[in-house]
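Heads up: the structure comes next, in structure tokens.
There are 2 protein chains.
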Amino acid sequence: MTRERLMRELIQTRPFDPPEAEAFFNLLKTEEMLSTRLAETLKPFGLTPSQYNALRIVNGSGVEGIPSLEIGERLITRVPDVTRMIDRLVEKGLVERRRSDRDRRVVRVFITPAGKQLVESAVKPLRKFQKQWIGVLSDDDQAELNRLLYKLRYRD
Amino acid sequence: MTRERLMRELIQTRPFDPPEAEAFFNLLKTEEMLSTRLAETLKPFGLTPSQYNALRIVNGSGVEGIPSLEIGERLITRVPDVTRMIDRLVEKGLVERRRSDRDRRVVRVFITPAGKQLVESAVKPLRKFQKQWIGVLSDDDQAELNRLLYKLRYRD
DNA sequence: ACACAATAGTTGTTATAACGTATATTATGG
DNA sequence: CCATAATATACGTTATAACAACTATTGTGT
């Protein structure tokens, strides 16, 4: 029984109190497992998950580039220090930064050829990662998981 | 429809590719939301979630204390630097450290009265947090979420 | 008994999380 | 037009994530 397994992992002898704790701990542990696996997948590319996510966003913006602020808004998980993350991508030669002529507060970020190449080279391993780890669930189970997670988030 | 809502959040126009990405992103975003809320709940106690988790573990070990290594093994989410986390709890006067006489490699960690008190004062707010956020799901939905998360983790 | 392997904790280090402050620029309202 | 508020990015700082190397201690095999 899987609850016993989680309790064994946590070396917990008493029932979850409140019962909601079980789902919460499960979420924490499952996310951690997947995030760790993701980081391992991206490590050979010299990127953290957030860096790759940002690079993908910049790449998708095409020749127009994208403002820093918008990168931050579009990242899957929050990055409180977008500036320095972009610093590090600039150092790696994967993006370039240019102040906008129209609004001097704004810095637009552009993908470099090296950045574009790196994004593209990681697409397949990333796809494989997702199929491998999430694919253990059937389509129906995935749909159900999505429904539950949306409910948790949007509280409809 | 909630998929459109996630896509709007991610400013994504094309379908999830692979479809597994949707569940993966949902997991990331849901965990982040809950972790952020948890951190906010514990902030008034001057503790991060991992610190509180560690304190709970030490508190549960009673007068015998618990070895550092075991704390690390029992934490819900991995802490790669248990030593320094315990340093910080020691600084806060919440735990004490003593080298074991039986095996000089081992440091046992003991709760202090202040630590015990802090653990206990946070129990109710934490319980409330869990009921409030996870409780949006029915018991059946929670059971289903657990089933899916166990499946993802244990891949049975 | 002794050499080496394994173990537990610590330390050094870099990257990132996270908050708050600083600076420059633009928007707004009178 | 001008003062102030709002906005975007950058910077200062502390805590933590994370890895690897180090030190001391114990376990193991010969």
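Line by line, the protein sequences give chains A and B.
Going by the numbering used here, the first residue of the first sequence is number 368, and it counts up by one from there.
Going by the numbering used here, the first residue of the second sequence is number 368, and it counts up by one from there.
A virtual CB, placed ideally from N, CA and C, is assigned to each residue, including glycine.
| Option nearest residue 465 of chain B by Cα separation, candidates B:484, B:509 and B:477 | B:477
| Backbone secondary structure at residue 501 of chain A - three-state DSSP | Residue 501 of chain A: helix per DSSP, three-state reduction.
| Taking contact to mean at least 3 C-beta pairs separated by less than 8 Å, is the region 448 to 458 of chain B in contact with the region 397 to 407 of chain A? | no
| said: With the cut-off set at 8 Å, would you say residue 391 of chain A and residue 497 of chain B are in Cβ contact? | reply: yes
| Contact set for residue 554 of chain B: own chain, Cβ-Cβ below 6 Å, skip 5 residues either direction | Because residue 554 of chain B is not part of the residues shown, which for chain B are 368 to 523, the question remains open.
| Counting only beta-carbon atoms, is residue 513 of chain B nearer than 8 Å to chain A? | yes
| request: Give a yes or no on whether the minimum CB-CB distance between residue 389 of chain B and chain A is below 8 Å. | output: For residue 389 of chain B, the answer is yes, since a Cβ of chain A falls inside 8 Å of its Cβ.
| Could you give the distance in angstroms between the alpha-carbon of residue 502 of chain B and the alpha-carbon of residue 374 of chain B? | The alpha-carbon atoms of residue 502 of chain B and residue 374 of chain B are separated by roughly 26 Å.
| task | For the beta strand (DSSP E) holding residue 474 of chain B, just list the boundary residues, first then last. | result | 474 to 478
| Taking the alpha carbon of residue 485 of chain A as the point to measure from, which residue in A:432, A:418 and A:400 has its own alpha carbon closest? | A:418
| Taking 8 Å as the CB-CB cut-off, is residue 436 of chain A touching chain B? | no
| said: Which residues in chain A have a C-beta closer than 7 Å to the C-beta of residue 502 of chain B? List them in chain order. | reply: Result: 387.
| Helix, strand or coil at residue 378 of chain B [DSSP, three-state] | coil
| Burial state of residue 436 of chain A (16 or more Cβ within 10 Å) | exposed
| task | Select from B:430, B:424, B:429 and B:431 the residue whose C-alpha is nearest the C-alpha of residue 439 of chain B. | result | B:424
| Ordered list of beta strand (DSSP E) runs contained in the region 440 to 493 of chain A, each at least 3 residues | Within the region 440 to 493 of chain A, the complete beta strand (DSSP E) runs of at least 3 residues are 462 to 466 and 474 to 478.
| message | On the DSSP letters alone, give me the boundaries of the alpha helix (DSSP H) that residue 422 of chain B sits inside. | response | For residue 422 of chain B, the enclosing alpha helix (DSSP H) starts and ends at 416 to 427.
| task | Compute the Euclidean distance between the alpha carbons of residue 444 of chain A and residue 471 of chain B, then round it to the nearest angstrom. | result | Cα to Cα, residue 444 of chain A sits roughly 43 Å from residue 471 of chain B.
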